[in-house]
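Undergrad: Below: one structure in structure tokens.
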């Protein structure tokens with residue numbers, strides 16, 4: 016089940032923070048960069064981030080995936096995507112992306128960035144029709160690629 020998560024709820028923030036710290040070290044290893052912003056979050060910075068979170072809750076009520084977005088009138092930026100490592104390759108990330116695309120279907124542009132060397136994430140976004148827009152270096156030897164999906168009503 017996918018549901019909107021409240022950053023007002025301390026337990027929810029703790030679950031998101033914990034999930035980030037299980038999922039993002041794997042991306043950090045893939046791209047060779049340990050200073051991925053979600054790994055630097057504290058409880059308070061996460062709670063105050065201003066992003067809108069949706070969570071994938073399993074049958075036991077455990078948060079096993081989450082996506083965060085920054086919606087604006089003419090675009091939605093996917094700012095975070097995380098799946099519990101014990102639940103990789105089960106379609107959770109795809110379900111979360113589909114939920115965001117369906118929830119903000121009237122918005123003409125979706126944007127997401129990921130490590131250029133994060134091939135699973137690149138493949139996921141390309142599967143949904145995102146196309147590479149540009150790449151940029153965030154640290155010596157560490158490149159992110161920004162992808163765009165233009166939706167024509």
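In the working numbering, the protein residues as written are 16 to 168. Just so you know, even glycine gets a beta-carbon here, dropped at the ideal spot from N, CA and C.
1) Who are the near neighbours of residue 139 in its chain, counting only those whose CB is closer than 6 Å to its CB and skipping five residues on each side?
2) Take residue 113 and list the residues in its own chain whose beta-carbon comes closer than 8 Å to its own, dropping the five residues that flank it on each side.
3) Can you check the region 73-108 for any beta strand (DSSP E) of at least 3 residues that lies completely inside it and give the ranges in chain order?
4) Quick check on residue 117: does DSSP put it in helix, strand or coil?
5) So the beta strand (DSSP E) residue 41 belongs to, where does it begin and stop?
6) With C-beta atoms as the reference, is residue 84 less than 8 Å away from residue 60?
TA: The relevant details are as follows:
1) Here the question's residue 139 lines up with position 124 in the chain shown. 108, listed in sequence order.
2) On the chain shown, position 98 is the one that residue 113 refers to. For residue 113, where only same-chain residues beyond five positions count, the Cβ hits under 8 Å are 143.
3) 78-86, 91-98
4) The residue given as residue 117 occupies position 102 in the chain shown. Residue 117 falls in the helix class under three-state DSSP.
5) For the purposes of this step, residue 41 is taken as the residue at position 26 of the chain shown. From DSSP, residue 41 is part of no beta strand (DSSP E) but of the alpha helix (DSSP H) over 25-46.
6) As a position in the chain shown, residue 84 is number 69, starting the count at 1. As a position in the chain shown, residue 60 is number 45, starting the count at 1. No, these two residues do not count as a Cβ contact at 8 Å.
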